[in-house]
Amino acid sequence: MGLEMEPLLQAWSYFRRRKFQLCADLCSQLLETSPGHQETDSEFTVFQAAWSLKTRALTEMVYVDEIDVDQEGIAEMILDENAIAQVARPGTSLKLPGTSHGGGPSPAVRPVTQSGRPITGFVRPSTQSGRPGTMEQAIRTPRTAHTARPVTSASGRYVRLGTASMLTNPEGPFINLSRLNLTKYAQKPKLAK
C-alpha cells in the first residue's frame, strides 16, 4: 500500500514549490472529473478550489517580474516624454510670416563664434579670437609688458615669473636654465637677489 496525496493537496504542493505547469495539469485533471464525485459538504467545493488554484498557477506562469522591465527599450529612448519640440506650435511663434527681406541671414539664425557671441563684423578686445588655446601657447607667446606673465586673464592667475623656463616636462627638468633670460632679470634689483 502506497501513500498517495489527495490530488488537490498535491496540486497545492506543486504550486508552493513553484512548479506551476504540474500544478495546472493536476488541477485540469480535477476539473475534468464529473461534478457528481465532488464533495458538497462545504461552501467552497473541491471544484472551486481546483479552479482557483489553476488560475493562480497560470497567472504565476506568465508573471513578468518588474526587475526585467527596468531596461529601457528603443521605443522609450525615441519617444521621450521630456523631449523639447523642434518647431514652435502654430500661432505661438514671435516671427511674423512674410516679414523676411530675403537679404542676408535672419536675426534668428545669426552665425556665432566658438564662444557663443554673434559675429558682428567688429573686432572686440579680449574676445576668444585673440586668446591662445592652451596654457603652453599662452606662455610661449611674445609679450610687451616685460614680464613672464601671459596677457590672458584666464591663465594669468596660475602663472608666476619665470614660467617660460618652468614648463613641466615629464622627462625633462622642472626648471630649464637655458630658457631663462638672466640678463633681463639681472637688471631688476628685486629679482636679481
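Residues in the sequence shown are numbered from 1 upward in steps of one, following UniProt numbering. Ideal Cβ placement from N, Cα and C applies to all residues, glycine included. Predicted model, so just to flag it, every value in this text is computed and none were measured.
With contacts defined by Cβ atoms closer than 9 angstroms, Phe47 and Leu58 do not form a contacting pair. Here Pro118 is bridged, per DSSP, to Val112. A Cβ-Cβ contact shorter than 9 angstroms links Lys54 with Ala11. Contact check for Ala50 against Leu8 passes: the beta carbons are separated by less than 9 angstroms. Only residues of its own chain outside the window of five on either side were considered, and among them Met5 have a CB closer than 8 angstroms to the CB of Ser13, listed in chain order. Within 10 angstroms of the beta-carbon of Ala24 lie 16 or more other beta-carbons, which makes it buried.
The residues Phe15, in chain order, have a CB closer than 8 angstroms to that of Arg56 in the same chain once the five nearest residues on each side in sequence are set aside. As the crow flies, the alpha-carbon of Ile78 is around 39 angstroms from that of Lys19. Apart from the 5 residues on each side of it in sequence, Lys188 has no Cβ closer than 8 angstroms to any other Cβ in its chain.
DSSP places Lys19 outside both helix and strand once states are collapsed to three, so it counts as coil. Looking at the backbone, the Cα of Arg117 and that of Pro111 are separated by about 9 angstroms. Taken through DSSP and simplified to helix, strand or coil, Leu79 comes out as coil.
In the three-state DSSP reduction, Met5 falls in the coil class, being neither helix nor strand.
Of the residues assessed, Leu26 falls on the buried side of the cut-off, its CB having 16 or more other CB atoms within 10 angstroms.
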